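A.B. asks:
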Amino acid sequence: MRRTALFLAVLIGGLLPAMDAQAAQATQTAIVVSPKRPLNVRAGSAVWTPQLRTLAHGSSVTIVCQVRGQRIDQGTVRVTDQWDRLGDGTYVSDAWIQRSQEVPPCETATAAAAAAAPASIAGTVASGGTALKARTAPAHGATLVGAFPNGSTLTLACQVRGETIAGSVRTTPMWNRLPSGTYVSDAYVRRGATPPPCAAAAPAPPAAPPAAPAAGAGRWVSPLPGFTARPGFRTPNNPKHIGVDIMSFTGTPIRAASAGTVVEVVCNIEAGHSCDKPGSASVGGCGWYVKLQHAGGVATLYCHMVRRAIVQPGQKVAAGQVIGYVGSSGNSSAPHLHFEVHLNAPPTGPYNAVDPLPFMRAHGAPIG
Ligand SMILES: [Zn+2]
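Its first residue numbered 32, the sequence shown is counted upward by one per residue in our numbering.
1) T266 to V372, Cα distance in whole Å?
2) Taking 7 Å as the cut-off, is the beta-carbon of D307 closer than that to any non-hydrogen atom of ligand 1?
3) Start and end of the beta strand (DSSP E) containing A393?
4) Would you mind sorting V63 into buried or exposed? The rule is 16 or more other CB atoms within 10 Å of its CB.
5) Quick one: residues with CB closer than 6 Å to any heavy atom of ligand 1, in chain order, please.
6) Let me confirm a value: S131 is counted as buried when at least 16 other C-beta atoms fall within 10 Å, else exposed. Which label applies?
7) In whole angstroms, what separates the C-alpha of C334 from that of V275?
8) Any contact of the region 112-125 with the region 150-158, i.e. 3+ C-beta pairs under 8 Å?
9) Is it buried or exposed, T58, if we count other Cβ atoms within 10 angstroms and call 16 or more buried?
10) If we count Cβ pairs, one from each stretch, closer than 8 Å, do we get three or more for the region 201-216 versus the region 355-372?
11) For I94 versus A61, is the C-beta distance shorter than 8 Å?
12) When the Cα atoms are used, what is the spatial distance from G263 to W251?
13) Helix, strand or coil for Q53 per DSSP?
14) Give me whichever residues DSSP pairs with I273 in a beta bridge.
15) Ordered along the chain, which non-local residues of its own chain (more than five positions away) have a Cβ less than 8 Å from that of A365?
16) Please say whether L255 and L388 have beta carbons closer to each other than 8 Å?
17) Using alpha carbons as the reference points, say which of S91, D217, L117, G106 lies closest to Q97.
18) Rounded C-beta distance between S124 and Y219? I'm assuming under 8 Å.
19) Shortest alpha-carbon distance to A330 belongs to which of S183, A384, P344?
20) Please state whether the Cβ-Cβ distance between V296 and A340 is less than 8 Å.
21) Tell me whether C229 sits in a helix, a strand or coil according to DSSP, three-state version.
22) Buried or exposed, going by whether 16 or more other CB atoms sit within 10 Å of the CB of R286?
23) So for P204, helix, strand or coil by DSSP?
24) Can you list the beta strand (DSSP E) stretches of 3 or more residues lying completely in the region 324-375, in chain order?
25) Go ahead and label K308 buried or exposed: buried means 16 or more other beta carbons lie within 10 angstroms of its beta carbon, across all protein chains shown.
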């Protein structure tokens, strides 16, 4: 029953959108090969884009075209960075798809669709201080998938009706869908024209492979291989804790979680204290820390190092390269690494910190 239902959903999903004839001609039916667990269907071409539904092993899918995205190594069919766009504008990794023909790149289909569909509208985040949250659905309870600082420029693909929000620009139930398939409330967006309703714009697939994290984000590794972090991101007891703590031993090498550039090497501590000796729970600051900027707007932060990092601001580092050593400087009562991940950086702040555990798991480098 379940498989029939899914198959029907796929079939309907493949037929309903009024795709232009050119794109429709190019579609082909393929089979999902994922015997261990259902295949995730996502809003974009990377595993950290919102998961929209799943497809059972053996399901048929209608593929429209392919985009380059996150490389998937663990697929059953091939190792690839290609993602298949389905008829309804969603994506699955081609690593799990058995098919008989090559799939054309999406550029052609996108160009045709773009010509047919209204152009997307530019907007500016006018939220005052706090960053505007991007969510998986048009409601403030939906999963947070990103944040745009005040003043950011947005591309608004279309609008849907959702939860009414009273914002600094207007009070409205309308939410803007971004090209990545995520939503921001229109209550905080200043814009010239009104984006078209998403129903009409639905055939227009995401305009580009989502957000840059997909491209060149590279390999991710645990910053402290062999040690695990417990869940600790914004817990009820510690809602301001915007990273996770990985308990370890003084002197253990800390590694860059991915390739990037060193942007900060800082002693962050309450006045009157030193980063060069162990801190305590009563001392403020994250001690000796390093901030790395990675491709795709991702930044990582490594706190409480035993002494100044062995890298310098401006230096390029490779994934897994040692950047410093575990300590207990700053607000720390035992040797550990406090590790943060921020999206849409720079800048970084509590508004764009995400839980490192699912992020690292999604990037093939689980730390907890
Ligand atoms: Zn911490």
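Ideal Cβ placement from N, Cα and C applies to all residues, glycine included. In this text, all values refer to a predicted model and were calculated from it rather than measured experimentally.
C.D. replies: In terms of the structure at hand:
1) Here residue 266 corresponds to residue number 235 of the sequence shown, with the count starting at 1. Here residue 372 corresponds to residue number 341 of the sequence shown, with the count starting at 1. CA-CA distance, T266 to V372, rounds to 16 Å.
2) Here residue 307 corresponds to residue number 276 of the sequence shown, with the count starting at 1. Flag unset: Cβ of D307 not near ligand 1.
3) In the sequence shown, the residue the question calls residue 393 occupies position 362. DSSP places A393 outside any beta strand (DSSP E); the residue lies instead in the alpha helix (DSSP H), whose first and last residues are 387-393.
4) By one-based count along the sequence shown, residue 63 stands at place 32. V63 is buried by the Cβ-count criterion.
5) Going by the Cβ distance cut-off, the answer is H272, G274, D276, H369.
6) The residue given as residue 131 occupies position 100 in the sequence shown. Classification of S131: exposed, given that the 10 Å Cβ count is below 16.
7) Residue mapping note: residue 334 aligns to position 303 of the sequence shown, counting from 1. Residue mapping note: residue 275 aligns to position 244 of the sequence shown, counting from 1. Distance between the alpha carbons of C334 and V275 is about 10 Å.
8) Flag = no, the region 112-125 and the region 150-158 do not touch.
9) The residue labelled residue 58 in the question sits at position 27 within the sequence shown. Classification for T58: buried.
10) Below 8 Å, too few C-beta pairs join the region 201-216 and the region 355-372 to call them touching: fewer than three.
11) Locating residue 94 in the sequence shown gives position 63, counting from the first residue. Locating residue 61 in the sequence shown gives position 30, counting from the first residue. Taking a C-beta distance under 8 Å as the contact criterion, I94 and A61 qualify as a contact pair.
12) Residue 263 sits at position 232 when you count from the first residue of the sequence shown. Residue 251 sits at position 220 when you count from the first residue of the sequence shown. In a straight line, the C-alpha of G263 is about 20 Å away from that of W251.
13) Here residue 53 is taken as the residue at index 22 of the sequence shown, counted from 1. The pLDDT assigned to Q53 is 41, lower than 50, so where the model puts this residue is not dependable, and the model offers no usable value.
14) The residue you call residue 273 lines up with position 242 of the sequence shown. The secondary-structure analysis by DSSP pairs I273 with nothing; it has no beta-bridge partner.
15) If you number the sequence shown from 1, residue 365 lands on position 334. Counting only Cβ-Cβ distances below 8 Å, and skipping sequence neighbours, we find M278, S359.
16) What you label residue 388 is simply residue 357 of the sequence shown in a count that begins at 1. What you label residue 255 is simply residue 224 of the sequence shown in a count that begins at 1. Cβ atoms of L388 and L255: not closer than 8 Å.
17) Here residue 97 refers to the residue found at position 66 when the sequence shown is read from its first residue. By alpha-carbon distance to Q97, the top candidate from S91, D217, L117, G106 is L117.
18) Counting from one through the sequence shown, the residue named residue 124 turns up at place 93. Counting from one through the sequence shown, the residue named residue 219 turns up at place 188. The pair is not a contact, with the Cβ atoms about 33 Å apart (cut-off 8 Å).
19) Sequence index remark: in the sequence shown, residue 330 carries index 299 (1-based). For the residues S183, A384, P344, the minimum Cα distance to A330 belongs to A384.
20) Numbered from its first residue, the sequence shown carries residue 296 at position 265. Numbered from its first residue, the sequence shown carries residue 340 at position 309. In contact: V296 and A340 (Cβ atoms closer than 8 Å).
21) Here residue 229 is taken as the residue at index 198 of the sequence shown, counted from 1. Correct three-state label for C229: helix.
22) The residue given as residue 286 occupies position 255 in the sequence shown. Counting other Cβ atoms within 10 Å of its Cβ, R286 reaches 16 or more and is therefore classed as buried.
23) Your numbering for residue 204 matches position 173 in the sequence shown. If DSSP states are grouped into helix, strand and coil, P204 belongs with the strands.
24) Look at the region 324-375 and you find these whole runs of beta strand (DSSP E), each 3 residues long or longer: 330-336, 353-356, 367-373.
25) Your numbering for residue 308 matches position 277 in the sequence shown. By the neighbour-count criterion, in which 16 or more other beta carbons inside 10 Å mark a residue as buried, K308 falls on the exposed side.
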